[in-house]
Structure formats: structure tokens, C-alpha cells
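To start, the structure under review is shown below, and the notes come after it.
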Amino acid sequence: MTKTPALDDAALALLFTEARSHNGWTAEPVTDAQVRRVYALACMGPTSANCSPARFVFVRTPEGKQRLAPALSKGNLDKTMAAPVTVIAAWDRRFYDKLPTLFPHADARSWFTGSPEAAHETAFRNASLQAAYLLLAARAVGLDAGPMSGFDKAKVDAAFFEGTDWSANFLINLGHGDPAKVFGRLPRLAFDEACILA
């Protein structure tokens with residue numbers, strides 16, 4: 001069996017150790033081709049039973065930004081309006097309707113149609129995981145990212161998902177970050193504070 005190779009320090013820095021949440025953006029655009037590449041990478045990350053419940057709205061037009069603006073907290077408004085793209089990372093409550101295609105070797109759809117609790121938990125957990133993949137995929141292709149929770153979910157759902165089974169989870173600004181607007185790095189918990197070896 002071939003051993004999985006490890007990323008070098010430069011790649012780890014790009015994805016983790018030197019990566020930052022960005023709050024300001026340059027005028028350099030993000031192309032539709034870049035957005036498609038980010039998704040093509042992110043969708044390859046694993047989910048339980050390949051359920052893939054995440055849905056993404058890439059808000060990149062002035063009209064789309066104006067629809068989003070009323071839902072944003074005051075602290076997130078300016079940076080979101082300035083970002084070339086704002087991703088609404090959402091999840092599909094009826095993700096299981098895609099399972100006959102995504103997981104064809106079992107009747108996985110039936111695992112969820114009779115249990116709203118299992119469907120909700122599975123969708124929300126795996127969509128959050130996929131949104132994290134998307135953030136890392138953006139960094140991997142040379143974009144900067146700024147994930148955010150400061151928004152009114154009900155307003156986003158009303159503006160973008162009325163009449164659908166999609167629901168917003170969080171937002172991610174994408175673009176080319178302005179280094180002058182990056183905050184100082186905050187502490188992280190040490191291994192012994194956050195982890196247990198069992």
C-alpha cells in the first residue's frame with residue numbers, strides 16, 4: 001500500500017499556520033472560473049454516506065450584495081460589500097433526495113425520510129464540514145477567506161431561499177485580502193486544553 005504523502009511546510013502555512021481570516025479586500029476580482037475551481041475541490045471532501053448536503057450561493061453582483069446587505073450585522077457590512085464574493089454556506093433539508101445518485105449501493109434515502117431529527121443532524125453537521133472544505137479550497141487556489149456568523153439567518157433565508165429547502169449556515173467572504181486590515185493573531189487552545197488521548 002502506498003503511503004499518503006505529507007504536505008510541505010509551505011502548503012501547511014498556506015492552509016493553516018499563516019492563513020488568516022480577512023476583513024479587508026483589494027480590488028482584484030474573483031472570476032467565475034475560480035469559484036468553480038473552489039467548488040470542484042471542496043465537493044471532493046468526504047461526508048457521511050456521501051450525502052453532500054451543503055449548498056452554496058456565490059453572491060458576486062451588486063444586486064446580490066444589496067439583497068444580502070439588510071441581513072448583515074453592522075460590523076460585517078462594509079467588509080462584505082467590499083469583498084468580491086460572499087458565499088452563503090447553506091444546507092439542504094431534503095439532501096436525502098439526492099442519495100439515490102450519490103450513494104447508489106444502498107437505500108440511504110430511507111434512513112432519513114422517517115426521521116426528521118436524523119436528517120437535520122446529518123445535514124447540518126455535514127454541510128458545516130463541506131463549508132470548511134470550501135474555505136480551505138479557496139486558500140489552496142490562492143484566494144483569501146473571511147468566515148462570518150454576524151448576520152440575520154431568517155433574513156438571508158427569506159432573501160435567497162424562499163420556497164426552497166435550503167437554509168443558511170454561515171457566510172464566507174472571498175477575494176484577495178488587504179494585509180493592512182488583518183487583525184493580530186489571537187491565541188489558540190493548547191493540546192492539553194482541547195484534547196484527550198484515550
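When you number the sequence shown by full-length UniProt numbering, it's gap-free, plus one each residue, and the end is 198. We treat Cβ as the ideally placed atom computed from N, Cα and C, and that holds for glycine.
When the options are compared against residue i, the one with the closest alpha-carbon
i: glycine 64; options: Leu174, Lys181, Pro179, Phe160; result: Phe160
i: proline 179; options: Ala154, Ala89, Asp152, Asp144; result: Asp144
i: tyrosine 133; options: Thr86, His22, Leu174, Cys43; result: Cys43
i: leucine 15; options: His176, Asn169, Ala140; result: Ala140
i: cysteine 51; options: Ala138, His120, His176; result: His120
i: methionine 148; options: Ile196, Leu77, Ala11, Val30; result: Leu77
i: phenylalanine 112; options: Phe103, Leu129, Leu102, Arg94; result: Arg94
i: alanine 67; options: Phe151, Ala106, Val30; result: Correcting the residue identity first, residue 67 is arginine in this sequence and not alanine. Of Phe151, Ala106, Val30, the residue nearest in Cα terms is Phe151.
i: tryptophan 91; options: Asp9, Ala118, Ala168; result: Ala168
i: lysine 153; options: Ala198, Thr31, Ala69; result: Ala69
i: alanine 89; options: Phe58, Arg20, His105, Ala71; result: Phe58
i: glutamine 34; options: Leu102, Val85, Met1, Ala71; result: Val85
i: lysine 181; options: Ser110, Ala137, Gly146; result: Gly146
i: serine 128; options: Leu171, Arg188, Thr164; result: Leu171
i: proline 53; options: Gly177, Ser73, Phe124, Pro29; result: Phe124
First and last residue of the uninterrupted beta strand (DSSP E) at residue i
i: proline 147; result: 144–148
Counted within 10 angstroms of its Cβ, other Cβ atoms place residue i as buried (16 or more) or exposed
i: phenylalanine 183; result: exposed
i: glutamate 175; result: The displayed chain sequence assigns glycine, not glutamate, to residue 175. Buried, by the Cβ-count rule.
i: histidine 22; result: buried
i: threonine 122; result: buried
i: isoleucine 196; result: exposed
i: phenylalanine 56; result: buried
i: alanine 79; result: Alanine is not the amino acid found at residue 79; the sequence shown has lysine there. Classification of lysine 79: buried, given that the 10 Å Cβ count is 16 or more.
i: glycine 114; result: exposed
i: proline 62; result: exposed
i: arginine 185; result: exposed
i: glycine 75; result: exposed
Segment limits, alpha helix (DSSP H) that includes residue i
i: glycine 24; result: Premise fails: glycine 24 is in no alpha helix (DSSP H) and is neither H nor E.
i: leucine 12; result: 9–12
i: glutamate 193; result: 191–194
Nearest-angstrom beta carbon gap, residue j and residue i [assumed within contact, 8 Å]
i: glutamine 130; j: glycine 45; result: 6 Å
i: valine 156; j: alanine 71; result: 5 Å
i: aspartate 38; j: alanine 137; result: One detail in the question is off: residue 38 reads as valine in this sequence, not aspartate. So it is a contact: roughly 5 Å between Cβ atoms.
i: alanine 108; j: alanine 49; result: 5 Å
i: asparagine 126; j: threonine 47; result: 4 Å
Residue i Cβ short of 6 Å to the ligand FAD heavy atom set
i: leucine 77; result: The ligand FAD is absent from the structure shown, which contains no ligands of any kind.
Exercise for review: Could you name each continuous alpha helix (DSSP H) segment of 4 residues or more that falls completely within the UniProt domain "Nitroreductase" (20–175), going from the start of the chain to the end?
Suggested key: 32–42, 62–68, 74–82, 99–102, 110–113, 116–140, 153–160
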